[in-house]
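Let me begin by presenting the structure, written as structure tokens, before commenting on it.
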Amino acid sequence: MNTISTTSATKLSNVLRKTNGISEHDVDLESNSTIWTENGTQTKFGKKTKPGTVIPRGLKQIVPTNKPKKRKDELERDYPAICTVSVIGQSVEGRDIKMLKISNSDARNSAIWLDASIHSREWISTAVVTYIADYIARNFHSLPTSITNKDWHIVPILNPDGYEYTHTHDRMWRKNRAKYDGERVGVDLNRNFSCGWGNNGDEGSSEEPSSVFYRGPMPFSEPEAIAVRDTILGSTVIFKAFLSFHSYYELIIFPWGYKREPCPDYLKLLEGGAVMARAIFESSGVTYKVGSTKDMTYYACGTSTDWSYAIAKIPYSYMIELRSKKYRFKLPKDQIMETCKEILSAVKSLMEFIDRN
Numbered sequence: 001m002n003t004i005s006t007t008s009a010t011k012l013s014n015v016l017r018k019t020n021g022i023s024e025h026d027v028d029l030e031s032n033s034t035i036w037t038e039n040g041t042q043t044k045f046g047k048k049t050k051p052g053t054v055i056p057r058g059l060k061q062i063v064p065t066n067k068p069k070k071r072k073d074e075l076e077r078d079y080p081a082i083c084t085v086s087v088i089g090q091s092v093e094g095r096d097i098k099m100l101k102i103s104n105s106d107a108r109n110s111a112i113w114l115d116a117s118i119h120s121r122e123w124i125s126t127a128v129v130t131y132i133a134d135y136i137a138r139n140f141h142s143l144p145t146s147i148t149n150k151d152w153h154i155v156p157i158l159n160p161d162g163y164e165y166t167h168t169h170d171r172m173w174r175k176n177r178a179k180y181d182g183e184r185v186g187v188d189l190n191r192n193f194s195c196g197w198g199n200n201g202d203e204g205s206s207e208e209p210s211s212v213f214y215r216g217p218m219p220f221s222e223p224e225a226i227a228v229r230d231t232i233l234g235s236t237v238i239f240k241a242f243l244s245f246h247s248y249y250e251l252i253i254f255p256w257g258y259k260r261e262p263c264p265d266y267l268k269l270l271e272g273g274a275v276m277a278r279a280i281f282e283s284s285g286v287t288y289k290v291g292s293t294k295d296m297t298y299y300a301c302g303t304s305t306d307w308s309y310a311i312a313k314i315p316y317s318y319m320i321e322l323r324s325k326k327y328r329f330k331l332p333k334d335q336i337m338e339t340c341k342e343i344l345s346a347v348k349s350l351m352e353f354i355d356r357n
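Here the sequence shown stands for residues 1 to 357, numbered as in my numbering.
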């Protein structure tokens with residue numbers, strides 16, 4: 001992990017003790033540069049792979065392509081006083097990128113961002129975000145102030161083209177559906193943000209269009225990434241948290257991804273992450289590890305969380321890697337609700353932590 005001063009090390013120990021059960025081991029995971037690619041096999045950065053075409057039986061039942069879209073509209077219909085659906089952009093293929101906003105319209109509110117399926121094969125992320133949106137809308141008037149004093153900006157499917165493609169052609173498709181360099185398709189949207197874009201050469205992203213980590217020809221070349229940028233920077237409300245949901249490492253990670261040095265608010269982000277990890281453990285007994293992106297996984301350059309922290313100045317910027325290390329992207333149906341509930345507990349605990357700090 002990063003080298004920190006004796007004073008910081010003492011603060012770190014205090015952070016871990018506060019969470020009552022999170023140990024140093026839980027924030028120290030060796031870097032692992034292998035990930036699962038389109039054809040479901042492990043490979044190093046940049047290796048070309050041939051995409052598969054089979055959607056395993058039953059996996060469509062996790063989150064059918066139309067269900068999150070319908071649920072957003074239903075929430076707006078059922079709770080019009082607090083729920084509004086807007087289109088924040090169009091995808092490469094012209095699909096709407098829809099955002100649900102849940103708010104009591106109090107001018108004193110701060111803002112929270114949740115997004116899912118920036119990587120289209122990570123279906124559980126959309127299920128989790130849809131569940132959180134449904135819970136907040138249904139129970140809004142009985143929820144604590146830590147929830148109701150915030151404007152919730154929720155995008156269940158940030159990569160609608162890729163998400164659709166995983167249901168119709170290739171379950172393991174990760175990127176969007178942009179075409180570059182002839183017939184080579186797709187940009188990794190979580191390498192297309194401007195902070196750290198293209199750093200470290202091909203370690204952390206790739207200039208090769210056939211790579212699953214292709215960063216695009218320039219920062220914000222993709223309309224899906226632009227939609228996030230313009231929505232957040234165009235807001236008059238101050239964002240306090242940015243939560244981007246992924247799978248499957250069971251991690252809570254924060255900046256930096258593009259460099260090894262600790263970010264200025266490392267200890268604060270570590271504490272907030274540990275609060276979430278403790279809530280998850282208390283909910284389900286599952287241990288999520290906490291730390292910076294580079295410490296926990298590998299170099300990741302041009303990520304949305306580095307951008308939200310450094311450029312959009314959102315103090316609590318996290319990427320939450322959901323279950324399951326055992327099943328990877330193919331999470332069994334009997335774990336879906338458990339995952340939704342444990343992450344809801346984490347988000348609620350983070351909101352309380354933010355209000356205390």
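The beta carbon of each residue, even a glycine, is placed where N, CA and C say it ideally should be.
Please read these numbers as outputs of a predicted model, since none were measured by experiment.
Check	Outcome
Distance between beta carbons of Ile82 and Ser110, contact taken as under 8 Å	Not confirmed; about 16 Å, so no contact.
DSSP three-state assignment for Phe140, whether helix, strand or coil	helix
Asn139 burial status per 10 Å Cβ neighbour count (16 or more: buried)	exposed
Beta bridge counterpart(s) of Val128 as assigned by DSSP	Beta-bridge pairing links Val128 to no other residue.
Nearest neighbour of Ile354, chosen from Lys330, Thr145, Glu282 [CA to CA]	Thr145
Secondary structure, alpha helix (DSSP H): runs of 4+ residues fully inside the stretch 298–338	304–310
Residue from Pro209, Ser284, Ser206 whose Cα sits closest to the Cα of Lys341	Ser284
As assigned by DSSP and simplified to three states, the class of Thr166	helix
Cα-Cα separation, Leu344 to Glu93	32 Å
CB-CB length for Tyr258 against Gly204, believed under 8 Å	6 Å
Reduced DSSP secondary structure (H/G/I, E/B, other) of Trp113	strand
Contact the stretch 206–222 vs the stretch 315–323: 3+ CB pairs below 8 Å	no
Proximity winner among Asp265, Glu122, Asp161, Asp115, relative to Leu331 (alpha-carbon distances)	Glu122
Nearest-angstrom beta carbon gap, Asp106 and Val155 [assumed within contact, 8 Å]	Rounded, the Cβ-Cβ distance is 22 Å, inconsistent with contact.
With 16 other Cβ atoms within 10 Å as the buried cut-off, status of Met337	exposed
Selection from Ser86, Ile124, Tyr163 that minimises the alpha carbon distance to Val228	Ser86
Burial state of Arg177 (16 or more Cβ within 10 Å)	buried
Pairwise C-alpha distance: Ser247 and Glu321	4 Å
Assigned secondary structure, Cys83 (DSSP; H/G/I helix, E/B strand, else coil)	strand
DSSP three-state assignment for Ser205, whether helix, strand or coil	coil
Residues bridged to Met99 [DSSP beta-bridge criterion]	Ser86
Cβ-Cβ separation, Ser308 to Phe242 (assumed contact under 8 Å), whole Å	4 Å
Cβ distance (whole Å) where Ala361 is taken to contact Ala346 below 8 Å	Given that the chain is displayed from residue 1 to residue 357, the structure contains no residue 361 and the question cannot be resolved.
Rounded separation between Met99 and Ser235 - CA only	13 Å
Residues that DSSP places opposite Val212 in a beta bridge	None; Val212 has no bridge partner.
Short Cβ contact (8 Å threshold) for Val290 with Asp151	no
Sequence-distant residues of the same chain with beta carbon closer than 8 Å to Ile132, five excluded per side	Leu114, Ile154, Cys340, Ile343, Leu344, Val347
Leu350 versus Val187 - alpha carbon distance	31 Å
Alpha carbon of Thr126 to alpha carbon of His119, nearest angstrom	10 Å
Where the alpha helix (DSSP H) containing Asp151 begins and where it ends	Premise fails: Asp151 lies in the beta strand (DSSP E), 150–155, not in any alpha helix (DSSP H).
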